[in-house]
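S.K.:
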Amino acid sequence: MKKKIGVVPKAKFGDSSASNMVDYYYLGNNYVKRVTDAGCIPIGIAASDGWVAEELLDLCDGFLVQGGQEFSPYHFQIIHHAVTKGKRYLGICMGQQLIYAYFELRRRVEARGYTGDLVKAICEYLDEQGPDFSVLEAVPNHYSELLPRGSEDATKHDVNIVPGTLLHRVLGKDTMRIASFHYLQTPPAQKLLPINAWSAKGDGVVEGSEYGDHILGVQGHPEVDDLLPELFQFLAKD
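Per numbering that gives the first Met the number 0, the very first residue in the sequence shown carries number 0; after that it's consecutive.
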């Protein structure tokens, strides 16, 4: 039976003075295509004011969290669901950064001795810190302007994969070439999660992290073409 994979959109909300018609959730077609090509059934994850019905998450066998600019509450809902239910999770760009953000923010609210709902405690912590707060670090020279279709190779650079990691087992190779559009990264010195890939530019930029055998993240954009199918086939496995 085909796996049902929740494809998780990025969100954009207007400020209070803007028309409510500018609020939207955005699903990238390439993500849906790659999930379909992997033999899975893509399910668009629909949120309401930043939150998703748990019943919708229960329907999914795994999740693909696509790239974006900022986290919404449902992002933390979904990775918490995947971590606690043992479901496969593939994070791309922002979805990769979410893995570290979840575990770091979880560590901080647990150190406070929170009570109640963990995801809500994380979101309340973020609201308290304010819009300029980030658990991520800036990274230079890894963002290219989005190029016309057919010019994907011009955005790519090489990445060195850490031997013995989940990513190494999934791809079965020591390097990959991947499109790069990111300007934030997981802190290189963090100790919470295994880092599974580093930029081959020699600039010390983290290109992926993971947790256990079911949570996998890559910083680049493998969805731009069909040259890294193994990453999406990871979602189709038991």
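From the three backbone atoms N, C-alpha and C, an ideal C-beta is built for every residue, glycine too.
Write down the C-beta distance between H141 and V204 rounded to the nearest angstrom, noting that I regard them as a contact closer than 8 Å.
M.R.: The sequence position of residue 141 within the sequence shown is 142, counting from 1. The sequence position of residue 204 within the sequence shown is 205, counting from 1. Right, the Cβ-Cβ distance comes to about 6 Å (below 8 Å), so this counts as a contact.
S.K.: Is it the case that the Cβ atoms of I4 and D57 are separated by a distance below 8 Å?
M.R.: The residue you call residue 4 lines up with position 5 of the sequence shown. The residue you call residue 57 lines up with position 58 of the sequence shown. No. Outside cutoff.
S.K.: Does the Cβ of V34 have 16 or more other Cβ atoms within 10 Å, making it buried, or fewer, making it exposed?
M.R.: By 1-based counting over the sequence shown, the position of residue 34 is 35. Answer is buried; the Cβ neighbour count reaches 16.
S.K.: Just to check my reading of the structure: T164 and P193 have Cβ atoms closer than 8 Å, yes? What is that Cβ distance to the nearest angstrom?
M.R.: To locate residue 164, count along the sequence shown from 1; it is residue 165. To locate residue 193, count along the sequence shown from 1; it is residue 194. Between P193 and T164 the Cβ distance is about 6 Å, and since that is below 8 Å, they are a contact.
S.K.: Which ranges does the beta strand (DSSP E) cover as unbroken runs of at least 3 residues, wholly within the stretch 8-92, from first to last along the chain?
M.R.: Runs of the beta strand (DSSP E) inside the stretch 8-92: 9-11, 23-25, 40-43, 61-64, 87-91.
S.K.: Do the CB positions of A235 and G27 come within less than 8 Å of each other?
M.R.: Reading the sequence shown from its first residue, position 236 is the one you call residue 235. Reading the sequence shown from its first residue, position 28 is the one you call residue 27. No. Outside cutoff.
S.K.: Counting Cβ pairs, one atom from each stretch, are 3 or more of them under 8 Å apart for the stretch 148-165 and the stretch 101-108?
M.R.: Flag = no, the stretch 148-165 and the stretch 101-108 do not touch.
S.K.: In the DSSP assignment, find the unbroken alpha helix (DSSP H) run with D126 in it and report its ends.
M.R.: The sequence position of residue 126 within the sequence shown is 127, counting from 1. Taken as a continuous stretch (DSSP letters only), the alpha helix (DSSP H) holding D126 covers 117-128.
S.K.: Tell me where the alpha helix (DSSP H) around R176 begins and ends.
M.R.: By 1-based counting over the sequence shown, the position of residue 176 is 177. Looking at the DSSP string, R176 is not in any alpha helix (DSSP H); the run it does join, the beta strand (DSSP E), is 174-178.
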